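Take 203 as the starting number for the sequence shown in this note's numbering and just add one per residue.
Yeah, the Cβ is synthetic: ideal placement off N, Cα and C, and Gly gets one too.
Given the structure is predicted, the values throughout are model-derived calculations rather than measurements.
Single-structure report; data block below.
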Amino acid sequence: MTDEQLLQLANEIRERAYVPYSGFKVGAALLCADGTVFTGINIENAAFGPSVCAERTAFFKAISEGHRDFVKIAVTCDKKYCSPCGVCRQVMSEHAPDLEILMGNLQGTFKRVSIRDLLPESFTLLEDS
Ligand code: THU
203 MTDEQLLQLA
213 NEIRERAYVP
223 YSGFKVGAAL
233 LCADGTVFTG
243 INIENAAFGP
253 SVCAERTAFF
263 KAISEGHRDF
273 VKIAVTCDKK
283 YCSPCGVCRQ
293 VMSEHAPDLE
303 ILMGNLQGTF
313 KRVSIRDLLP
323 ESFTLLEDS
């Protein structure tokens, strides 16, 4: 799975985003160590609080299907690039402390960062992190 393919999957799933309130569609594609990819979209709610970002949708789908070993996530939106929110960074840090993040857009260009860059000194209760 190339970076470009992962970004393409994020862009394809992005069309399914449920965003009647913000109108801002986000897509994510999470690559597991065994090559499996889980996609995610943002899903909003009239009560706002229950809304979930695309990145967390992908992570929670993967974890609930028994996957625990994550390599990379592509996130795309209709901006220069999509930088994950603070809540998603905390989730990434918990489940994938060495995660690589491809922050992409609809044109196919992207910025590569790591979760350690985006959330240094993250809160953890796990001794080996
Ligand atoms: N959103 C994501 O899905 N991922 C991000 O990284 C940033 C924000 C969503 C949340 C909300 O549905 C919409 O984008 C506008 O904030």
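What I want to know is whether the C-beta of residue i ends up closer than 7 Å to one or more non-hydrogen atoms of the ligand THU.
| i | result |
| --- | --- |
| E246 | yes |
| E206 | no |
| V293 | no |
Taking the alpha carbon of residue i as the point to measure from, which residue in the options has its own alpha carbon closest?
| i | options | result |
| --- | --- | --- |
| H269 | T326, D236, I215 | D236 |
| V228 | T204, I317, R318, L308 | L308 |
| Q207 | G306, V254, I265, K282 | G306 |
For a test of the three-state rule: what should DSSP assign to residue i, helix, strand or coil?
| i | result |
| --- | --- |
| C290 | helix |
| N213 | helix |
Looking at residue i: is its Cβ nearer than 8 Å to the Cβ of residue j?
| i | j | result |
| --- | --- | --- |
| T241 | I215 | yes |
| L209 | T278 | yes |
| C234 | V273 | yes |
| I243 | A231 | no |
Quick check on the burial criterion: 16 or more other C-beta atoms within 10 angstroms. Buried or exposed for residue i?
| i | result |
| --- | --- |
| S295 | buried |
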